[in-house]
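Counting in our numbering, the sequence shown runs from 1 upward without gaps.
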Amino acid sequence: MAGHVETMPKILVVDDEKLIRLTMSARLKRVGYDPVAVGTVEEAVAILKKEHKHFGAIISDIVMGEMDGFVFRDIVRGIDRSMPIFFLTALDPEEGSGFLKKIVSEPLSYYLPKSVDTDVLLQRVQRTIASRRIEQFIERQIEEQRQSMALAAQIQSSMLPVRAMMTERGFYTAFWKAKDMVSGDLYEAMPFGEGCYLYLLGDIQGHGTSAALAMTAVQTFIKQLSNRKLQSSVQIYDIANRLQRFFRNNLAEVSYMTALLCLHRPLRNDVVWLNCGAPDPVVVSDGVVCEVNPEKRGGLPIGLMADTVYSEKDVVTTPLFDDSVVVAYTDGLLDMSRDTEGMEQMPAAMVAKLRNELITDGRADGSIMVEPYKFMRAAAEIGYGTLHDDVTILVFGKRANLPGVFEATSPVSPAEVDQMAQAMAAWCAGEGWDQSLVDRIQLVLEEKLMNIHDHGLTDRERLHEVVSIRLRLVNKTAELTVWDCGSPEPSLAVAAGSTDTGFELANREMSGRGRGRMMVRELCDGIERNRYGKLNETIYHIPLNLEAVGGQTNFKGEVK
Numbered sequence: 001m002a003g004h005v006e007t008m009p010k011i012l013v014v015d016d017e018k019l020i021r022l023t024m025s026a027r028l029k030r031v032g033y034d035p036v037a038v039g040t041v042e043e044a045v046a047i048l049k050k051e052h053k054h055f056g057a058i059i060s061d062i063v064m065g066e067m068d069g070f071v072f073r074d075i076v077r078g079i080d081r082s083m084p085i086f087f088l089t090a091l092d093p094e095e096g097s098g099f100l101k102k103i104v105s106e107p108l109s110y111y112l113p114k115s116v117d118t119d120v121l122l123q124r125v126q127r128t129i130a131s132r133r134i135e136q137f138i139e140r141q142i143e144e145q146r147q148s149m150a151l152a153a154q155i156q157s158s159m160l161p162v163r164a165m166m167t168e169r170g171f172y173t174a175f176w177k178a179k180d181m182v183s184g185d186l187y188e189a190m191p192f193g194e195g196c197y198l199y200l201l202g203d204i205q206g207h208g209t210s211a212a213l214a215m216t217a218v219q220t221f222i223k224q225l226s227n228r229k230l231q232s233s234v235q236i237y238d239i240a241n242r243l244q245r246f247f248r249n250n251l252a253e254v255s256y257m258t259a260l261l262c263l264h265r266p267l268r269n270d271v272v273w274l275n276c277g278a279p280d281p282v283v284v285s286d287g288v289v290c291e292v293n294p295e296k297r298g299g300l301p302i303g304l305m306a307d308t309v310y311s312e313k314d315v316v317t318t319p320l321f322d323d324s325v326v327v328a329y330t331d332g333l334l335d336m337s338r339d340t341e342g343m344e345q346m347p348a349a350m351v352a353k354l355r356n357e358l359i360t361d362g363r364a365d366g367s368i369m370v371e372p373y374k375f376m377r378a379a380a381e382i383g384y385g386t387l388h389d390d391v392t393i394l395v396f397g398k399r400a401n402l403p404g405v406f407e408a409t410s411p412v413s414p415a416e417v418d419q420m421a422q423a424m425a426a427w428c429a430g431e432g433w434d435q436s437l438v439d440r441i442q443l444v445l446e447e448k449l450m451n452i453h454d455h456g457l458t459d460r461e462r463l464h465e466v467v468s469i470r471l472r473l474v475n476k477t478a479e480l481t482v483w484d485c486g487s488p489e490p491s492l493a494v495a496a497g498s499t500d501t502g503f504e505l506a507n508r509e510m511s512g513r514g515r516g517r518m519m520v521r522e523l524c525d526g527i528e529r530n531r532y533g534k535l536n537e538t539i540y541h542i543p544l545n546l547e548a549v550g551g552q553t554n555f556k557g558e559v560k
């Protein structure tokens, strides 16, 4: 009993009559509460501001000098929205003053007459405090779970490879989004032999923490495949069998995984792949979808059956053209719908048409690295933005090396930024561009990337984020495009009536290195900013000569 009394919360008693304060305090003490009695609202407010979390309830009069109990209640709600308040008053509710209606208009306010029996009063207080304690306990549990899930989401995202990469021979770009805070989807991309890349797209069945933990375990296991000695002898079905054994030995009681393993071989211009219960990859060449699996090869999901063994007969080899793009995705992509019930799903023909158009355009203009984000944005714009499952899209292919277009990806560390700027300058020199123009492009690029590094990313994100760039000549203007997933720029739509104000908003926090705002403004004839989900797109229009600079910013409005 003594232990129970020690945990009893304080009760704040507010009444301008001393006798009431004394008698109420005595009643509360008798059953183990710790009453704190004050005679004015000002005293009560001062106490609550300091230690409201130590109080379980308030018992207050309604009529108290210059400030009534309802004004006091409004002040309390600004301090603690869930504090129960008992209005103990001698007023007659039948006299038509309306005070009873005011009391019950708020769910955490209660009416009791001052003549109420002591046992009734204490029962009401005890019941209300007990109910509040349960609610607070549940809220704490929910918040702890939310924090745990947020941490799990951070761990998950940190274990994924970078979202985009362009190598000498190939490229890949990925979109990964959890339906809730954590995901059962995963993707992996790693060099695998001479000039080749191994891709894995997986969808662990189930949701929430169990799927997320399994995803983390699988991702850790997959990274062991980066061993070059292992790569020299292993076949793609061997990888699937290794994953099968890992699942059966460690995760059989938890779940299983549909998976697609792809080995892209740019030098041979083909992709070797094995489908383990996942959607087949889509190969698009010149806007046309190629047939990839007429024999319906493939195997069961990994870990589903104990005796599953994958072999050469499950593997498909698909020839590619130089412009071919391979699209792999989890089935959550096909579950997107217009409604929360998932009844109006995006038609497969619409998915294919939108995907093929974006891929064709992306291949033609050098924006292929952002096509998964543009797809998701376009789907949302036509109404299919509701997710019912985790969604992952992985796009890869042979590097296009478009004439007159420089493309690259880079981490955002200062050393890598400088290296990419030097590579871009070398390309410009090879194209015969004027050195003055090249110098200006370098300054704009370095300023943008260092601002992403300094202001757009947290320390954790900075280690994992990459930027993609494209440089080309358009209408006698150098067009430099930067794609990144740093903090979004301020919305340009709010400044549509003023280019000066808009530019200041868009470049807030961009002057940390002393030259940012004015330099970029002086060197560019226009700036466009768009946003596709979490991906920022910034396009700088840099004139071929300084005399052509108009100093205007083209505000297109933010693409949500």
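Built from N, CA and C at the ideal position, the CB exists for glycine as well.
Excluding sequence positions up to five away, which residues of its chain have a Cβ less than 6 Å from the Cβ of residue i?
| i | result |
| --- | --- |
| PRO319 | ASP270 |
| VAL575 | For the chain, the structure presents residues 1 to 560; residue 575 sits outside this window and is missing. |
| LYS590 | Only positions 1 to 560 of the chain appear in the structure, and residue 590 is not among them; the question remains open. |
| GLN219 | MET159, LEU186 |
| ALA153 | MET181, VAL182 |
| MET420 | ALA408, SER410 |
Taking its Cβ as the centre, do 16 or more other Cβ atoms sit within 10 Å of residue i, making it buried, or is it exposed?
| i | result |
| --- | --- |
| GLN136 | exposed |
| GLY202 | buried |
| ALA178 | buried |
| PRO107 | exposed |
| VAL104 | exposed |
| GLY514 | A caution first: GLY514 carries a pLDDT of 43, below 50, which makes its placement in the model too unreliable to give a value. |
| ASN530 | buried |
| THR340 | exposed |
| GLU371 | buried |
| LEU19 | exposed |
| ASP61 | buried |
For residue i, I'd like the list of residues in its chain whose CB is within less than 7 Å of its CB, leaving aside the five on either flank, ordered along the chain.
| i | result |
| --- | --- |
| LYS102 | PHE70 |
| TYR562 | Given a span of 1 to 560 for the chain in the structure shown, any question on residue 562 remains unanswerable. |
| SER25 | VAL13, PRO35, ALA37 |
| GLN156 | VAL182, SER183, ALA212, MET215, THR216 |
| GLY397 | GLY170, PHE171, SER324, VAL325, VAL326 |
| ASP335 | GLY342, GLN345, HIS388, ASP389 |
| SER148 | none |
| LEU402 | GLY366 |
Between the C-alpha atoms of residue i and residue j, what's the straight-line distance to the nearest angstrom?
| i | j | result |
| --- | --- | --- |
| GLU312 | LEU261 | 13 Å |
| TYR329 | ARG169 | 23 Å |
| MET343 | VAL182 | 24 Å |
| LYS10 | ILE222 | 55 Å |
| ILE142 | ILE134 | 12 Å |
| LEU354 | VAL284 | 12 Å |
| GLN435 | GLY362 | 29 Å |
| LEU28 | ASP16 | 18 Å |
| GLN205 | HIS388 | 13 Å |
| ASP180 | LEU394 | 20 Å |
| MET346 | ASN356 | 15 Å |
| LEU263 | SER255 | 25 Å |
| PRO301 | PRO543 | 55 Å |
| CYS485 | LEU121 | 58 Å |
| THR386 | VAL31 | 53 Å |
| LEU523 | SER367 | 24 Å |
| GLY193 | MET165 | 17 Å |
| PHE86 | ASP74 | 14 Å |
| LEU505 | THR167 | Residue confidence for LEU505 is low, a pLDDT of 43 falling below 50, so the modelled location carries little weight and cannot support an answer. |
| ARG338 | GLU381 | 11 Å |
| PRO411 | ILE58 | 57 Å |
| ASP238 | LEU200 | 13 Å |
| ALA478 | ARG472 | 6 Å |
| ILE469 | LEU358 | 18 Å |
| ARG297 | ALA189 | 23 Å |
| LEU492 | VAL444 | For LEU492, the pLDDT reaches just 37, beneath the cut-off of 50, and the residue's location in the model is therefore unreliable, leaving the point undetermined. |
| CYS276 | LEU198 | 15 Å |
Within its chain, find whatever has a CB closer than 8 Å to the CB of residue i; leave out the 5 residues flanking it on each side and keep chain order.
| i | result |
| --- | --- |
| ASP286 | PHE321, ASP323, THR360 |
| PRO414 | MET450, HIS453 |
| GLN244 | ILE302, GLY303, THR308, VAL309, TYR310 |
| ALA90 | PRO113, LYS114, SER115 |
| ARG248 | GLY303, ALA306 |
Tell me the start and end of each unbroken beta strand (DSSP E) in the stretch 417-482 that is at least 3 residues and wholly inside, in chain order. Listed in chain order, the complete beta strand (DSSP E) runs (minimum 3 residues) inside the stretch 417-482 are 466-474.
Could you tell me which uninterrupted alpha helix (DSSP H) segments, each at least 4 residues in length, are contained entirely in the stretch 160-236, listed from first to last along the chain? For the stretch 160-236, whole alpha helix (DSSP H) runs of length 4 or above, ordered along the chain, are 208-222, 228-231.
Pairing CB atoms from the stretch 404-411 with CB atoms from the stretch 290-306, are three or more of them under 8 Å? no
Taking only runs of the alpha helix (DSSP H) that begin and end inside the stretch 294-375, which ones reach a length of at least 4 residues, in chain order? 348-365
Uninterrupted beta strand (DSSP E) stretches inside the stretch 68-99 (no shorter than 3 residues): 85-89
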